Every structure is written in structure tokens, then in C-alpha cells.
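In the numbering used here, the protein residues as written are 24 to 134.
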């Protein structure tokens with residue numbers, strides 16, 4: 024995963040940095056981590072690219088939970104199942120995200 028190209032993502036009104044966290048994550052036996060207080064997602068780079076992408080979607084789900092669902096924290100099991108399903112929908116429908124963005128931009132331009 025090219026972290027320099029990705030840089031950051033926006034979740035709600037927050038800029039969330041996505042960085043290589045290999046050293047810290049290996050020590051904890053994790054592939055990724057969402058650090059809410061820092062608005063930061065760490066991903067291990069020494070796992071295969073598909074696992075990096077799956078982990079990014081998983082950590083984005085944690086970020087969404089923190090930003091939009093703060094009072095009702097989802098369990099790790101729920102995040103894991105939801106992110107797995109979301110990842111598969113994204114991969115199986117590569118045109119989907121582009122179409123969603125196109126429609127959202129049309130709505131913004133309708134004013």
C-alpha cells in the first residue's frame with residue numbers, strides 16, 4: 024500500500040492519517056490499529072497487499088464507529104464481520120465507488 028499517495032482520508036469532519044505501523048503492530052501481533060485520540064490508522068506493510076486493503080477497511084469501520092456511533096461502541100466481532108462484507112462488496116463491484124462519488128457530486132452541483 025502506498026501510504027505517501029494515500030496520505031489521509033476523511034471520516035466525518037476529521038482527517039485521518041494512514042501510516043505504516045509495522046514495527047509497533049508486530050510487537051502487538053496486529054495487522055492494523057485505529058488510534059482515535061490521534062485520528063490515525065496504522066497498517067502493517069509486511070503483509071500481502073490484499074490483507075493490507077482488508078485491514079484498512081476494517082480500521083475505517085472502527086473510525087466510522089468512533090465518529091458516528093460514539094455512544095454505542097460496536098464490538099470487535101461486529102466490526103470484523105461488517106468490514107469483511109464491505110470489503111467484498113467494494114472488490115466485487117469496482118464501478119460502485121466511482122458511481123457513488125459521481126452521484127454525490129451531482130447532488131452538490133444541483134444547488
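C-beta: ideal position from N, C-alpha, C; glycine also.
Everything numeric in this text was worked out from a predicted model, so none of it was measured.
Whole-angstrom C-beta distance between residue j and residue i, which should lie under 8 angstroms
i: residue 52; j: residue 80; result: Contact flag wrong, Cβ pair sits at about 20 angstroms.
Cβ-Cβ distance between residue i and residue j below 8 angstroms
i: residue 54; j: residue 26; result: no
i: residue 29; j: residue 41; result: yes
Between the CA atoms of residue j and residue i - distance to the nearest angstrom
i: residue 129; j: residue 50; result: 46 angstroms
i: residue 113; j: residue 103; result: 15 angstroms
i: residue 32; j: residue 86; result: 11 angstroms
i: residue 123; j: residue 116; result: 12 angstroms
i: residue 126; j: residue 118; result: 12 angstroms
i: residue 56; j: residue 48; result: 8 angstroms
i: residue 76; j: residue 64; result: 12 angstroms
i: residue 120; j: residue 74; result: 20 angstroms
Chain-order list of residues whose beta-carbon lies under 7 angstroms from that of residue i (same chain, five-residue window excluded)
i: residue 45; result: 67, 68, 69
i: residue 131; result: none
Heavy atom of the ligand HEM within 7 angstroms of residue i beta-carbon
i: residue 112; result: The ligand content of the structure shown is nil, which means the ligand HEM is not present either.
Residues near residue i by beta carbon distance below 6 angstroms, same chain, minus five either side
i: residue 62; result: 37, 39
i: residue 97; result: 88
Beta-carbon contacts of residue i that lie in its chain and below 8 angstroms, excluding the five residues immediately before and after
i: residue 72; result: 24
i: residue 60; result: none
If you pair each beta-carbon of the segment 109 to 119 with each one of the segment 65 to 82, do three or more pairs fall below 8 angstroms? yes
Would you call the segment 86 to 98 and the segment 68 to 76 touching, i.e. three or more CB-CB distances under 8 angstroms? no
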